[in-house]
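So the structure is just underneath, and the comments pick up after that.
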Amino acid sequence: MLIQEIEISGYRSIKDIRLKLANVTVLVGANGSGKSNIYQALQLVAACAHGSFARQIMQEGGTNSVFWAGPLKKFDEPRFSFAIRFDDLSYELECGRVPKSDRLSDGDFGPGLSYFINDPDIKAESVGFKHGGKSISLFERKRASIMARNLDGENVEYPETIAGNESVLSALREPHKFPELSVLRMELINWRFYHEFRTDMNSPIRQPQVATLTTVMSNDATDLVAALATIMAVGDNKALANCVGAAFPGSELFIDLEDGELSMCMSVPNVNRRISAREFSDGTLQYLCLLGALLSPRPGSLVVLNEPETSIHVDLFPSLAELICTASANTQIIVTTHSRDLSDLIRKRIRNHSIIQLEKIDGSTQLQAGD
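In this text, residue positions in the sequence shown follow the working numbering: the first is 1, and each later residue adds one.
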């Protein structure tokens, strides 16, 4: 399913923003413009399906860190919301803090919920479906009250008890009764996020790895060698070889197996021996990580790359843009970047693209005029 539009409100530096997406969408902006906040908001959407919504917010510093930090009206409570709209399906969620009425004070039998006064609390959640020009509600949640549409088209009370910091999608126990919700959940689970890869000399990426078929590379690329070996074995080995050759002319990537462990090396022009992974430059290793992410034999429905140009020399930007173009045949891609050069190269190579310029005005992430 192709995402048509995302809308985010009240989250970090984002007071209110709406983005129309293409097959490849590039978010361009300076440091602090809010690119990473959009990236993190999308991670929160995926966390709803994984069952890690509250944990993701805690890892970001808790609710005090994720709400819009700008001015609010006198009696407004901080809340954030997001909406994801596909061709036919839409998903919306609104989150705030646990209300005061639910924060039981300390008493004879323990502290009650007073420990969790800053816990995220999902106020509203819904999934809609467009059919024949009409919008049909598949489920509607207002805090603990949840109504869902069953196979007979009837609105029934949802049969599971859902915690206030838990999404209905993560608690889906009988997917056959709610097939559209199951489809949406699997779609979100299939999103992939790549932000930072360790390329220092002690990085596990440079070390031999146990030989394991790896059709999806991990977010931190610690299984890169296995992922590249899997592409060679059961994926598009030709595309991998072409991408390596385009980025490093005359070079070839090799994966060796010894005592059940995989290691990678490269042959390069005018060098009489193969170069081991420990000798790769940071930029070379970063580029190989992106190959592992984007040439997966099991493509993600969405891949989000946060500043993929990190450590990569500008001479590799054309190869990086071409790699993104190749991968976009099988997956929707969102790229955040500082580089207008990279966004221009993507613009020239991909027909179905959207280049969105971001800026921060009075502390608020906004689209530049004309976007």
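Glycine included, every Cβ here is placed at the ideal spot set by N, Cα and C.
Integer-rounded CB distance, given that residue j should sit under 8 Å from residue i
i, j, result
"G61", "E77", "With a Cβ gap of about 19 Å, G61 and E77 do not count as contacting."
"I3", "Q332", "6 Å"
"L342", "E309", "6 Å"
"A41", "F82", "6 Å"
"N165", "F193", "Not confirmed; about 21 Å, so no contact."
Separation of residue j from residue i, as counted between CA atoms
i, j, result
"D315", "T365", "31 Å"
"T215", "I84", "27 Å"
"G283", "I312", "4 Å"
"M232", "R141", "46 Å"
"S319", "C243", "7 Å"
"S145", "M264", "54 Å"
"S281", "I57", "35 Å"
"S267", "A241", "12 Å"
"D223", "L294", "14 Å"
"K130", "I14", "28 Å"
"N352", "Y39", "21 Å"
"I275", "I117", "55 Å"
"G363", "N306", "21 Å"
"L93", "R55", "16 Å"
"N272", "F248", "16 Å"
"A221", "F197", "6 Å"
"W191", "I361", "30 Å"
"E187", "P269", "43 Å"
"K123", "A163", "11 Å"
"A329", "S301", "11 Å"
"S9", "K35", "14 Å"
"G70", "E5", "24 Å"
Nearest residue (CA-CA) to residue i, options the options
i, options, result
"L262", "A30, V98, R273 and A227", "A227"
"E7", "V45, N31 and N23", "V45"
"V24", "E307, E196, V303 and R340", "V303"
"G292", "I57, Y11 and G235", "G235"
"N31", "M266, H338 and S354", "H338"
"L37", "Y11, A54, M58 and K100", "Reading off the sequence shown, one finds Asn at residue 37, where the question assumed Leu. Here the closest residue by C-alpha is Y11."
"F80", "E92, D88, A327 and F67", "F67"
"S126", "K73, D119, P99 and R185", "R185"
"L21", "I355, G363 and G70", "I355"
"M201", "T331, I346, P299 and R278", "R278"
"P299", "S251, E196, L345 and I189", "I189"
"E322", "L345, N330 and N306", "L345"
"I324", "M1, E5, V26 and L19", "V26"
"R340", "F317, K73 and S135", "F317"
"D259", "A211, R349, Y287 and T63", "A211"
"K100", "P120, A246, T326 and F82", "P120"
"I350", "T326, R173 and Q357", "T326"
"T63", "V98, I255, Q43 and G51", "V98"
"D88", "M1, A239 and N237", "M1"
Same chain only: Cβ atoms within 7 Å of residue i, ignoring 5 sequence neighbours per side
i, result
"E359", "G29, S33, Q366 and Q368"
"T230", "L213, T214, T215 and P297"
Close-in-space but distant-in-sequence residues of the same chain around residue i (CB under 6 Å, 5 per side omitted)
i, result
"S90", "G128"
"N155", "M147 and R149"
"V225", "Q209, L262 and M264"
"D53", "In the sequence under discussion, the amino acid at residue 53 is Phe, which differs from the Asp named in the question. So the qualifying residues of the chain are A47 and S167."
"L169", "C48, A49 and R185"
"P175", "S182"
"L253", "V244 and M266"
"H195", "N306"
"G250", "P269"
Cut-off 8 Å between Cβ atoms - residues of its own chain near residue i, not counting five sequence neighbours on either side
i, result
"F139", "E125, S126, V127, I146, M147, A148, R149, Y158, V168, F178 and L181"
"A136", "Checking the displayed sequence, the identity of residue 136 turns out to be Ile instead of Ala. Closer than 8 Å at the Cβ level, and outside the excluded window around I136, lie G128, F129, K130 and R149."
"G51", "E166, S167, S170 and A171"
Note to self: Just to confirm the assignment: which complete beta strand (DSSP E) runs, minimum length 3, are found wholly within the stretch 154 to 187?
What the structure shows: 155 to 157
Next item on the list: Write down every uninterrupted run of the beta strand (DSSP E) in the stretch 243 to 309 whose length is 3 residues or greater and which is fully enclosed by it, in chain order.
Entry: With a minimum length of 3 residues, the continuous beta strand (DSSP E) runs that stay inside the stretch 243 to 309 are 252 to 258, 261 to 267 and 302 to 306.
Notebook entry, point to check: Which runs of the alpha helix (DSSP H) spanning at least 4 residues fall entirely within the stretch 187 to 233, listed in chain order?
Noted result: none
Check: Taking the runs of the alpha helix (DSSP H) that are 4 residues or longer, which of them lie wholly in the stretch 34 to 83?
Finding: 35 to 50, 53 to 59 and 63 to 66
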